[in-house]
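Engineer:
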Amino acid sequence: MSSASLLIELHTEELPPKALPALADAFAAGIERGLRAKNFLSPASAITSYGSPRRLAVHVTQVVDAAPDRPFRQRLLPVAVGLDKLGNATGALLKKLTSLGATIDPATLKRESDGKQDVLVYEGVHGGVSLAMGLQAILDEAIAQLPVPKMMNYQLADGTTTVQFVRPVHRLVAMFGHAVVPVTAFGLAAGTKTFGHRFASRGEMAIHSADTYAEQIEREGKVLASFTRRRARIVELLQSAATRLNAQAIMPAALLDEVTALVNWPVVYESGFEVEFLALPAECLVLTMQQNQKYFALQGADGQLLSRFLLVSQIEASDGGAAIVAGNARVIRARLGDAKFFFDQDRRQPLHARVPGLAQVVYHHKLGTLSDRVERLVNVANVIATELGADRAHAQHVARAAWLAKADLRTLMVGEFPELQGIMGRYYARHDGEVDAVANAIEEHYRPRFAGDSLPASMIGTCVALADKLDALVGLFGIGERPTGDKDPFALRRHALGVLRMLIERKLPLELLQLTRFAYAAFANVRFALPDAELIPFFYERLRGLLRDQGYSANEVEAVLALKPQRLDDIIERLAAVRAFMSLPEAASLAAANKRIGNILKKSDRAAAVFDSSLLVEPAEQNLAAAFVQLAPRAESHFGAGDFSAGLLALAPLRAPVDMFFDEVMVNVDDARLRGNRLALLAQLRALMNRVADISLLAAG
Amino acid sequence: MITFQETILRLQTYWNQQGCALLQPIDMEVGAGTSHTATFLRALGPEPWRAAYVQPSRRPKDARYGENPNRLHQHHQYQVVLKPSPPDILEIYLGSLKALGIDMLKHDIRFVEDNWENPTLGCWGLGWEVWMDGMEITQFTYFQQVGGLECRPITGEITYGLERLTMYLQNVDNVFDLLYTRWKDRGVERVLTYGDVFHQNEVEQSKYNFEAADAQVLLGQFALFEAEAKRLMALHLALPAYEMVLKCSHTFNLLDARGAISVTERAAYIGRIRNLARAIAQSYFESRERLGFPMLADDPARNAA
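Respectively, the protein sequence lines represent chains E and X. Under the numbering used here, the first sequence has 414 at position 414, and the numbering climbs by one with no breaks. Here the numbering used here runs 1000 ahead of the position in the second sequence, where the first position is 1.
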């Protein structure tokens, strides 16, 4: 047995850039998993993954050429079943051995006791399979497990055999040291041949050995095959180019990933556009550069955008890049020329003049036009503002912002760049002379636009944002358009999360059910029932996920949500209190007791509302009642002041009396008066303990 | 400098060398070369097929009265279809860029994922936009489904935007400034621009699309073409029925540009066209099947030298 490095490469047509990093990682992980499961790895084996536009590859060091032999032993049958009286194998034993593929003489089988009887034991050695034999299944499995976003069918070179993969595969390299491992995939037999850069390399090249792969691909192939190295190189090149321009490159992680997946050999060039285009909104410039053209925008020390940008190509051009720089400048000039035309045209008509036109845009055929929607937004945002105690000036701003909120959907710019909805509204509102509070709220009402996005900064923006999301949720749930599975075409999950985050993070004293009623009331002309039976649980489901994502345990979240809190402004305090309570030494016992009380009450008749101390006969129940009477007012005053942690901590001394009560007192006695009184005491106790959360859900087991 | 028509000529020469039948455009209003029977119907079934052609493509909504340097009511596509898609189809395609004089060590050519879908015709495929120095010059698609039918074998479709490509090659920023052709007239150099050929058409067609088109007439036509398509389908006349569907599709595009179709109605119209397109795809496939797929290569007469 000897060991060497293993290299496997699938050489393909250009892979989808957004999927490439995951495909490369999964390919390497799949091969590693397979090698490990079949004992081809040694403890010191190192795995390197490669992913470039046209290849997925993995290099593994210290792979053995044959898996080690593995001794095994297996109990077969009781001796009495496996051998007849003469000691010959029975039919049952022979059948068993055949099914195992064993060729052993039954007479040589060992015997041992399984504690009850003697059994026959089959011992032997599984010969380790050779890498050449074992690799095929490992490769097949690794390929089958790849997270391909969308499979394509294509035909092999024969023109008829159909296979499926993310893009056509053209070469398979599988080398163990210097030798080819004879595996196949996608109709290709493994070899040493592959290709480098489409343009900068000299065509087909032969890999000498697994260990020279990366170096050869880089030097001869002009491909930096490692995704992480290529990405780091791009960052380095961008930074040094930006520094030369005395600027900073704006490098969003997603754009870096995408560009890394689009180039084999990063070469950064600087290009630019006419200074006059800087009059366009910065968001529009950045969007055009990043999304349409995959460019890296530059900003000066003052944070202002420059009219220069960096582009990552994959050609060390023979003319020094003049054609590439000029070509890209022409493309962006045309795009920004369009944008500037839209921006200039749009500003000729004030935003408010576009509002009537919303009547021509259908929002949803069952929920009317955007004009109907805006009317509802004004209405609901106003009700919310009133609930929050807005003064008259604020209320007017809320109404104005809600009325203008969707007007930019009628502008050319938003027609071309839908991502700029709200943002263009803010620019145009400012241009029209709307007050800043209104202009900002127009932009803010779409927030949060994605997970982790910031909330509206102003209360005016918050009111409109809540109205916007509640209108969508209540309306679309009302007509039965609720999300199913992974289909959520109206982004209702995101809307619900937005509502929850605003209620929690802005500590708004508003109730969920009440909010849905506000939104429902605005649907004057649409007939459907308030969808609260579906919508409220939908909110709680999102809330559960939101809180879990924030690091609260399932028990903590369930305990708090069990009370179906209507207001969420204090939910974080409740969770903190539960957490503090659970760290007490008394907590486990009290939680268990609470659960027990819950079970008792569930099985019992209705208890009286308040216990009667004259009916307390046992010392343990008198003791518990006394402790309760003493602690309750203190705990209540903490709860009343919103100090949930202090309230729960104040209950800790109940542990001993509660434990004693359950040790010494029988609740379900025959005397109905005593029984009822005990149940009342327990019910009061439970209610006090569960003011913050359902403590019983914190009990172990 | 390469003229607009020389771009076409070089592509014709190149794809002729690749064994493509050089066809003429479909003589009807279509939005893209994909709608030509040489693509839409020939992509169906097992018979091999190689064709290339220019296709004038009408997009009523993109009309700009001849005032926008990049957008046109009617542009021209150069369409290539290869079935089955040869394993080296991308290399063959890059050869066509070389034939156009593009130096790939000077320009940044990239294949950027772009999956194509045409819900109106029940088609989808996977592929790329081909970028040259940041500009899309070609759409490349491996057809996966056409008219709702699974493609087997798949067709590789290459679509060049002729105006864009030539604008780049001529270093021109306004489509109407493109050099269409040039010649010597009694020793004097003369030129014909793209604007000379098409500008008036752009202006008048834009007026028609946005102002003069009569929505009621168009709605009536749509209903008529749809009914005809169904009638012809019942007679197993897939090709004439398909032409009726193309008329439906173009009429819908005109109505859409005219703003005569609301967002919700839009989906319903698309659905009606799709259902027809699917039925026709099925019917065409069956008609070829009835004929025993005559173009399959096992006919010795076809394999003669």
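Idealized CB from N, CA, C, for every residue including glycine.
Using a beta-carbon distance cut-off of less than 8 Å, what residues from the stretch 161-193 of chain E approach chain X?
Structural biologist: Under the 8 Å Cβ criterion, the stretch 161-193 of chain E contributes T162, R167, P168, H170.
Engineer: Using a C-beta to C-beta distance shorter than 7 Å, which residues of chain X count as neighbours of P17 (chain E)?
Structural biologist: The contacting residues are E1113.
Engineer: Which class does A1305 (chain X) belong to by DSSP, given the choice of helix, strand or coil?
Structural biologist: Here the model assigns A1305 (chain X) a pLDDT of 46, short of 50, so the residue's position is not dependable, and the following value carries that caveat. Three-state DSSP puts A1305 (chain X) in coil, outside helix and strand.
Engineer: Is the Cβ-Cβ distance between G1127 (chain X) and Y1142 (chain X) less than 8 Å?
Structural biologist: Going by C-beta atoms, G1127 (chain X) is nearer than 8 Å to Y1142 (chain X).
Engineer: Compare the Cα-Cα distances from T103 (chain E) to each of E:H126, E:G598, E:T411 and report the closest residue.
Structural biologist: Among E:H126, E:G598, E:T411, the Cα nearest to that of T103 (chain E) is on E:H126.
Engineer: Unbroken alpha helix (DSSP H) runs of length 4 or more, entirely within the stretch 1021-1051 of chain X: which are they?
Structural biologist: Within the stretch 1021-1051 of chain X, the complete alpha helix (DSSP H) runs of at least 4 residues are 1037-1040.
Engineer: Of the residues that make up the stretch 519-553 of chain E, which ones have a beta carbon closer than 7 Å to any beta carbon in chain X?
Structural biologist: The residues in question: there are none.
Engineer: Are the C-beta of Y1142 (chain X) and some C-beta of chain E separated by less than 8 Å?
Structural biologist: At least one chain E Cβ lies under 8 Å of Y1142 (chain X).
Engineer: Does DSSP classify I695 (chain E) as helix, strand or coil?
Structural biologist: Correct three-state label for I695 (chain E): helix.
Engineer: Does any residue of chain E have a CB that is nearer than 8 Å to the CB of A1305 (chain X)?
Structural biologist: With a pLDDT of 46 at A1305 (chain X), under the threshold of 50, the modelled position of that residue is not reliable, and no figure is offered here.
Engineer: For R75 (chain E), collect the residues of the same chain with a Cβ closer than 6 Å to its Cβ; drop the 5 residues on either side in sequence, then sort them by chain order.
Structural biologist: Correct list, in chain order: V119, V121.
Engineer: Looking at V63 (chain E) and S45 (chain E), is the spacing between their C-beta atoms short of 8 Å?
Structural biologist: Result yes, Cβ atoms of S45 (chain E) and V63 (chain E) sit closer than 8 Å.
Engineer: Who are the Cβ neighbours of N1016 (chain X) in its own chain at under 7 Å, not counting the five residues just before and after it?
Structural biologist: L1022.
Engineer: Got a sec? Which residues, its chain only, sit under 6 Å from R1050 (chain X) by beta carbon, not counting five neighbours each side?
Structural biologist: Around R1050 (chain X): G1019, C1020, L1082.
Engineer: State the start and end residues of the unbroken alpha helix (DSSP H) segment that holds E1163 (chain X).
Structural biologist: Per DSSP, E1163 (chain X) belongs to the alpha helix (DSSP H) from 1162-1170.
Engineer: Would you mind reading off the limits of the beta strand (DSSP E) that contains W265 (chain E)?
Structural biologist: Note, W265 (chain E): premise wrong, no beta strand (DSSP E); not H, not E.
Engineer: Would a check of beta-carbon distances place A323 (chain E) closer than 8 Å to chain X?
Structural biologist: Output row for A323 (chain E): interface = yes.
Engineer: Output yes if chain X places a C-beta closer than 8 Å to the C-beta of Y213 (chain E); else output no.
Structural biologist: By this cut-off, Y213 (chain E) is not an interface position.
Engineer: Just list the residues that DSSP pairs Y258 (chain E) with in beta bridges.
Structural biologist: In the sequence on display, residue 258 (chain E) carries Glu and not Tyr. DSSP lists no partner for E258 (chain E).
Engineer: Would you mind working out which of E:G124, E:K116, E:Q349 sits nearest L109 (chain E), comparing C-alpha positions?
Structural biologist: It is E:G124.
Engineer: Which ranges does the beta strand (DSSP E) cover as unbroken runs of at least 3 residues, wholly within the stretch 1053-1097 of chain X, from first to last along the chain?
Structural biologist: Listed in chain order, they are 1074-1083.
Engineer: Would L1239 (chain X) be called buried (16 or more neighbouring beta carbons within 10 Å of its own) or exposed?
Structural biologist: The residue in question, L1239 (chain X), is exposed, as its Cβ has fewer than 16 Cβ neighbours within 10 Å.
Engineer: Does any residue of chain X bring its CB to less than 8 Å from the CB of N690 (chain E)?
Structural biologist: Not an interface residue.
Engineer: Write down the C-beta distance between Q164 (chain E) and M152 (chain E) rounded to the nearest angstrom, noting that I regard them as a contact closer than 8 Å.
Structural biologist: The pair is a contact, with the Cβ atoms about 7 Å apart (cut-off 8 Å).
Engineer: Check whether the Cβ of M152 (chain E) lies closer than 8 Å to any Cβ atom in chain X.
Structural biologist: At least one chain X Cβ lies under 8 Å of M152 (chain E).
Engineer: Within its chain, find whatever has a CB closer than 8 Å to the CB of A1305 (chain X); leave out the 5 residues flanking it on each side and keep chain order.
Structural biologist: A caution first: A1305 (chain X) carries a pLDDT of 46, below 50, which makes its placement in the model too unreliable to give a value.
Engineer: Give a yes or no on whether the C-beta atoms belonging to L351 (chain E) and G272 (chain E) are separated by under 8 Å.
Structural biologist: Contact: no.
Engineer: At which residues does the alpha helix (DSSP H) containing H1250 (chain X) begin and terminate?
Structural biologist: From DSSP, the alpha helix (DSSP H) with H1250 (chain X) extends over 1238-1257.
Engineer: Quick one: give me the first and last residue of the alpha helix (DSSP H) that C463 (chain E) is part of.
Structural biologist: First-last of the alpha helix (DSSP H) with C463 (chain E): 459-478.
Engineer: Hey, quick one: how far does the alpha helix (DSSP H) through P619 (chain E) stretch, first residue to last?
Structural biologist: Looking at the DSSP string, the run of the alpha helix (DSSP H) that includes P619 (chain E) is 619-640.
Engineer: Using a Cβ-Cβ cut-off of less than 9 Å, list which residues of the stretch 468-484 of chain E approach chain X; keep chain order.
Structural biologist: Answer in chain order: no residues at all.
Engineer: Fully enclosed by the stretch 1139-1221 of chain X, which alpha helix (DSSP H) runs are 4 residues long or longer?
Structural biologist: Entirely contained in the stretch 1139-1221 of chain X, the alpha helix (DSSP H) runs reaching 4 residues are, in chain order, 1162-1170, 1194-1207.
Engineer: For a minimum of 3 consecutive residues, which ranges assigned as the beta strand (DSSP E) are wholly contained in the stretch 333-364 of chain E?
Structural biologist: As far as the stretch 333-364 of chain E is concerned, its whole beta strand (DSSP E) runs of at least 3 residues are 362-364.
Engineer: So for I1137 (chain X), helix, strand or coil by DSSP?
Structural biologist: Of the three classes helix, strand and coil, the one that applies to I1137 (chain X) here is strand, per DSSP.
Engineer: What residues of chain X sit near L224 (chain E), judged by a beta carbon separation below 9 Å?
Structural biologist: Within 9 Å Cβ-Cβ: nothing; L224 (chain E) doesn't reach chain X, min ~16 Å.
Engineer: State the DSSP-derived secondary structure class of T194 (chain E), mapped to helix, strand or coil.
Structural biologist: DSSP places T194 (chain E) in strand when its eight states are reduced to three.
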